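To keep things clear, I will list the structure first and then write my remarks on it.
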Amino acid sequence: MSFRLSLLPLAAAVMCTACSLTPVQSSGQVAPETVPDGERMASLETALADALIQIEKLKARSEQDGGLPAMPPNAQTGACYARMLTPPKYIDRRASRIVKEATERLEMQPARTEWQEEQVVVSEAYTKLELVPATYKWVEERTEVLPAKQRQELVRPAEYESREEKILVKPAEWVWRPGRGELEKIDEETGEILHQVEIPAKYRTVERQVLVSPPEYRTIHEPAVFETVRKRVVDQPEHTVEVKVPAVYKTVKVQKVVEPAKLIRVPVPAEYEEYSYLEKIADEELVWRQIPCKRDLDDDKLLRQVQKQLNERGFDAGYADGILGKRTEAAIHAFQQKQGLATGRLSVETIQSLGIAF
1303 MSFRLSLLPL AAAVMCTACS LTPVQSSGQV APETVPDGER MASLETALAD ALIQIEKLKA
1363 RSEQDGGLPA MPPNAQTGAC YARMLTPPKY IDRRASRIVK EATERLEMQP ARTEWQEEQV
1423 VVSEAYTKLE LVPATYKWVE ERTEVLPAKQ RQELVRPAEY ESREEKILVK PAEWVWRPGR
1483 GELEKIDEET GEILHQVEIP AKYRTVERQV LVSPPEYRTI HEPAVFETVR KRVVDQPEHT
1543 VEVKVPAVYK TVKVQKVVEP AKLIRVPVPA EYEEYSYLEK IADEELVWRQ IPCKRDLDDD
1603 KLLRQVQKQL NERGFDAGYA DGILGKRTEA AIHAFQQKQG LATGRLSVET IQSLGIAF
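In the numbering used here, the protein residues as written are 1303 to 1660.
As structure tokens, then:
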């Protein structure tokens, strides 16, 4: 801790010979600052000490290389200057890196179709039969009321006579009977002698009427009976005619295939992801910066304004007492780092960045 504190007066002593400055801190003054949190204060002190060490390193390197002039260029009369450390300069860069290699995939390219207008048959042409009704007219004509006819008149009736006639009831037959005769045989079962006997046919006598002479008729002709009547007759009979019905068409939109479906190879590009990074474009270096002179700091009004502005911006400078203590220096350093300003001590550009006129 004592090593870190010993660097503070060393950084304050690096100033231009055009203005003799002494350290702003007075050993007889005690800053009425509140006691800060231990860890936060240690962090700020470490950052400030590292910055001062870096200033000394760059100062020595600059003296060897002859990069930083011994006197500030274009120095103004009555102004004070000091060597201060500018932070490295970075710019935001965006780059891409491959995530997935390029490949290809097979895709079925659908058929390409287009809509076209086309006439389609709604109903085919056909021939139809139309019925033409009959037409009628009135006519007078002699109409037969009773047709001519013939009738038979009996002149002499038929004559019949009765005659007897024998009718066969049962025909004659031969049967076997026991005994002897001309034609014999022996019954094999009983051993009896049988002879054949004829049984005569049976008849019966019937009486029937027999036509002797047919009846005689004469034909009588009766003429037809006519009368004149008026009646409605068909002039033109009902008939059919052929009528040709033309086809009916309709214009419709039809989807037709212009190019059939096919399998194509589609290249799949590589997949990249973008990422951002900071690229360093300038290293930290020692530069001359204008600083407030001792006479500007003797009046504590300026330091009070600085402390107030730092506190309002969230940089803990402690109580605005007008004394440049450790807490205030740590807050100034933190503000300079955030704003990208030169660090090492309070500079005029830091005061102006806080919105304080100088």
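By construction, the Cβ of each residue, glycine as well, lies at the ideal position given by its N, Cα and C atoms. Since the model is a prediction, treat every value here as computed from it, not as a measurement.
Asked: Can you give the beta carbon distance from LEU1656 to GLN1592, rounded, assuming they're within the 8 Å contact cut?; Found: LEU1656 to GLN1592, Cβ: 15 Å. No contact.
Asked: Could you give the DSSP three-state label for ALA1632: helix, strand or coil?; Found: helix
Asked: Going by C-alpha distance, which of GLN1609, ALA1563, VAL1401 and TYR1621 is nearest ILE1658?; Found: GLN1609
Asked: Tell me which same chain residues have a C-beta within less than 8 Å of the C-beta of ASP1602, skipping the five on either side of it?; Found: ASP1623, GLY1624 and ILE1625
Asked: Please check the pair GLU1524 and VAL1457, which I expect to be a contact at CB under 8 Å, by giving their CB distance rounded to whole angstroms.; Found: Their Cβ separation, rounded to whole angstroms, is 18 Å, which puts GLU1524 and VAL1457 out of contact at 8 Å.
Asked: Give every residue of the same chain whose Cβ lies closer than 7 Å to the Cβ of VAL1401, excluding the five residues on either side of it in the sequence, and list them in chain order.; Found: GLU1573, TYR1574 and GLU1575
Asked: Quick check: the region 1443-1453 against the region 1521-1537, are there 3 or more CB pairs under 8 Å?; Found: yes
Asked: Using a threshold of 8 Å, state whether the C-beta atoms of GLN1638 and ALA1644 are closer than that.; Found: yes
Asked: For GLU1475, which residues from the same chain have a beta carbon less than 6 Å from its beta carbon, with the 5 sequence-adjacent residues on both sides left out?; Found: ILE1501
Asked: Under a Cβ-count criterion, where at least 16 other Cβ atoms within 10 Å of its own Cβ denotes burial, should LYS1628 be classed as buried or exposed?; Found: buried
Asked: Is the beta carbon of THR1553 closer than 8 Å to that of GLN1421?; Found: yes
Asked: What distance in whole Å lies between the Cβ atoms of ARG1414 and TYR1579, which are believed to be in contact at a cut-off of 8 Å?; Found: About 47 Å; that fails the 8 Å criterion.
Asked: Enumerated in chain order, which unbroken segments of the beta strand (DSSP E) with a length of 3 residues or greater are wholly contained in the region 1535-1568?; Found: 1541-1547 and 1550-1561
Asked: Could you check the C-alpha separation between ARG1647 and ALA1381 for me, to the nearest Å?; Found: 16 Å
Asked: For GLU1651, which of helix, strand or coil comes out of DSSP?; Found: helix
Asked: Using a Cβ-Cβ cutoff of less than 7 Å, which residues in the same chain neighbour ASP1598 once the five nearest sequence positions on both sides are dropped?; Found: LEU1604
Asked: Once the 5 residues before and after LEU1496 are set aside, which same chain residues still bring their CB inside 8 Å of it?; Found: TRP1478, ARG1479, PRO1480, GLY1481, GLU1486, LYS1487, ILE1488 and ASP1489
Asked: Report the rounded CA-to-CA distance for GLN1289 versus VAL1547, giving the unit in angstroms.; Found: Outside the shown range of the chain, which is 1303 to 1660, sits residue 1289, and nothing can be said about it.
Asked: For LEU1408, which residues of its own chain have a beta-carbon under 8 Å away from its beta-carbon, when the five flanking residues on both sides are left out?; Found: LEU1565, ILE1566, ARG1567 and VAL1568
Asked: When you compare each of GLU1491, LYS1640, LYS1439 and VAL1514 to ALA1460 by their alpha carbons, which one comes out closest?; Found: VAL1514
Asked: Tell me which residues share the same chain as THR1521 and place their Cβ nearer than 7 Å to its Cβ, disregarding the 5 neighbours each side in the sequence.; Found: GLN1452 and GLN1454
Asked: Taking the CB atoms as reference points, tell me whether TYR1392 and GLU1614 lie closer together than 8 Å.; Found: no
Asked: The alpha helix (DSSP H) with LEU1513 in it runs from where to where?; Found: Segment 1504-1515 is the beta strand (DSSP E) holding LEU1513; no alpha helix (DSSP H) there.
Asked: What are the partner residues of LYS1430, as DSSP defines its beta bridges?; Found: VAL1545
Asked: Between VAL1512 and LYS1504, what straight-line distance do the alpha-carbon atoms span, to the nearest angstrom?; Found: 24 Å
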